[in-house]
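Following: one structure in structure tokens, then a few remarks.
What follows is the structure, given as structure tokens:
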């Protein structure tokens with residue numbers, strides 16, 4: 001068996017450091033490229049937090065080496081087989097960094113962008129080898145959440161998409177294929193659609209931010225962890241399934257759609273959200289909430305893994 005290939009991560013922020021932890025834990029020699037010296041501290045902190053999570057998820061080799069930090073792609077310790085771009089969502093910054101990166105890596109190296117909303121086609125403009133740029137957008141944090149969205153741009157080689165998908169599947173990720181470029185890809189668009197209505201209802205005084213949060217965590221979220229939104233309505237149709245639901249309630253759902261809000265994030269709305277979030281947080285800091293998220297998500301993922309194992313076992 002060949003040793004794990006070297007991987008580089010361009011950007012030492014939350015997503016970049018999270019990806020670096022995933023790759024390093026899996027045994028890949030991993031280097032984060034970021035000109036900010038403070039990135040080294042962020043990387044070390046993320047590694048300390050992420051490694052126990054990855055070990056619990058069985059996504060770590062026995063003795064992984066921590067990721068390292070360099071300030072420029074020109075000083076990478078080895079030519080990477082893959083590079084993950086995880087820079088802030090500023091297109092000119094990304095294009096400039098990609099140009100510098102391409103000058104320092106082999107032409108065959110796959111570049112995966114973790115952009116949360118920019119299209120691959122936009123980022124391919126000006127690249128020397130646009131065919132190697134692939135979308136690979138995770139949910140945050142990458143070391144905990146299982147999904148990654150994979151897709152390409154106008155000039156992406158389909159073989160590069162398949163190579164990236166194979167890499168992430170080998171890391172235990174659930175690969176979601178994005179067939180057509182849209183702003184925000186797949187997960188973020190679904191999330192944005194729900195949050196838009198959550199913001200609208202908070203702004204209109206329908207419910208508090210805290211109760212809107214609970215409507216998701218204690219209502220929708222419990223079901224969504226095992227079945228998706230269309231399956232929910234398929235089951236609502238009883239033995240006849242989705243056709244029955246659409247016949248009986250399709251018109252009513254369209255009436256709900258017509259009443260959905262279109263809020264703007266103006267100063268008044270921001271104040272409602274910020275005040276409401278402060279009340280919902282009940283004195284907990286973002287770091288405390290994040291720790292609770294990680295602990296709770298691990299328990300949820302453990303349960304889902306147990307369910308999958310039970311379903312895969314032959315029935316007597």
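Residue numbers (full-length UniProt numbering): 1 to 316. Cβ atoms here follow ideal geometry from the backbone N, Cα and C, with glycine treated the same way. None of the values given here were measured: they were computed from a predicted structure.
Cβ-based neighbour list, residue i, same chain, cut-off 7 Å, excluding 5 preceding and 5 following
{"i": "residue 167", "result": "82"}
{"i": "residue 121", "result": "153, 154 and 181"}
{"i": "residue 233", "result": "242 and 245"}
{"i": "residue 156", "result": "120, 131, 133 and 134"}
{"i": "residue 80", "result": "6, 7, 8, 105 and 109"}
{"i": "residue 309", "result": "none"}
{"i": "residue 294", "result": "53 and 144"}
Separation of residue j from residue i, as counted between CA atoms
{"i": "residue 269", "j": "residue 75", "result": "46 Å"}
{"i": "residue 287", "j": "residue 307", "result": "30 Å"}
{"i": "residue 193", "j": "residue 222", "result": "19 Å"}
{"i": "residue 253", "j": "residue 211", "result": "22 Å"}
{"i": "residue 87", "j": "residue 16", "result": "8 Å"}
{"i": "residue 228", "j": "residue 190", "result": "11 Å"}
{"i": "residue 129", "j": "residue 123", "result": "11 Å"}
{"i": "residue 54", "j": "residue 25", "result": "7 Å"}
{"i": "residue 52", "j": "residue 302", "result": "14 Å"}
{"i": "residue 264", "j": "residue 141", "result": "27 Å"}
{"i": "residue 173", "j": "residue 60", "result": "13 Å"}
{"i": "residue 43", "j": "residue 68", "result": "8 Å"}
{"i": "residue 64", "j": "residue 213", "result": "37 Å"}
{"i": "residue 73", "j": "residue 298", "result": "34 Å"}
{"i": "residue 204", "j": "residue 280", "result": "18 Å"}
{"i": "residue 100", "j": "residue 92", "result": "12 Å"}
{"i": "residue 84", "j": "residue 111", "result": "6 Å"}
{"i": "residue 262", "j": "residue 256", "result": "13 Å"}
{"i": "residue 13", "j": "residue 238", "result": "47 Å"}
As assigned by DSSP and simplified to three states, the class of residue i
{"i": "residue 226", "result": "coil"}
{"i": "residue 111", "result": "strand"}
{"i": "residue 28", "result": "coil"}
{"i": "residue 68", "result": "strand"}
{"i": "residue 105", "result": "coil"}
{"i": "residue 186", "result": "coil"}
{"i": "residue 298", "result": "helix"}
{"i": "residue 98", "result": "helix"}
{"i": "residue 9", "result": "strand"}
Contacts around residue i, its chain only, beta-carbon distance under 8 Å, and the 5 residues preceding and following it disregarded
{"i": "residue 215", "result": "207"}
{"i": "residue 178", "result": "135, 149, 150, 151, 185 and 186"}
{"i": "residue 89", "result": "115, 116, 117 and 118"}
Cutoff 6 Å; reference residue i; Cβ partners in own chain excluding five residues on either side
{"i": "residue 23", "result": "7 and 30"}
{"i": "residue 145", "result": "139"}
{"i": "residue 21", "result": "46, 47, 50 and 143"}
Where the beta strand (DSSP E) through residue i begins and ends
{"i": "residue 138", "result": "133–138"}
{"i": "residue 85", "result": "82–85"}
{"i": "residue 150", "result": "147–152"}
{"i": "residue 174", "result": "174–177"}
Interface flag, residue i vs chain B, CB-CB below 8 Å
{"i": "residue 212", "result": "Chain labels in this structure do not include chain B; a single protein chain is all it has."}
Outcome for residue i when other beta-carbon atoms lying within 10 angstroms are tallied against a minimum of 16
{"i": "residue 226", "result": "exposed"}
{"i": "residue 34", "result": "buried"}
{"i": "residue 39", "result": "buried"}
{"i": "residue 235", "result": "exposed"}
{"i": "residue 201", "result": "buried"}
{"i": "residue 304", "result": "exposed"}
{"i": "residue 289", "result": "exposed"}
{"i": "residue 94", "result": "buried"}
{"i": "residue 209", "result": "buried"}
Host alpha helix (DSSP H) of residue i (start-end)
{"i": "residue 157", "result": "No alpha helix (DSSP H) contains residue 157, which DSSP labels as neither H nor E."}
{"i": "residue 211", "result": "209–214"}
{"i": "residue 52", "result": "39–56"}
{"i": "residue 126", "result": "First-last for residue 126: undefined, no H or E at that position."}
{"i": "residue 252", "result": "242–259"}
{"i": "residue 276", "result": "267–281"}
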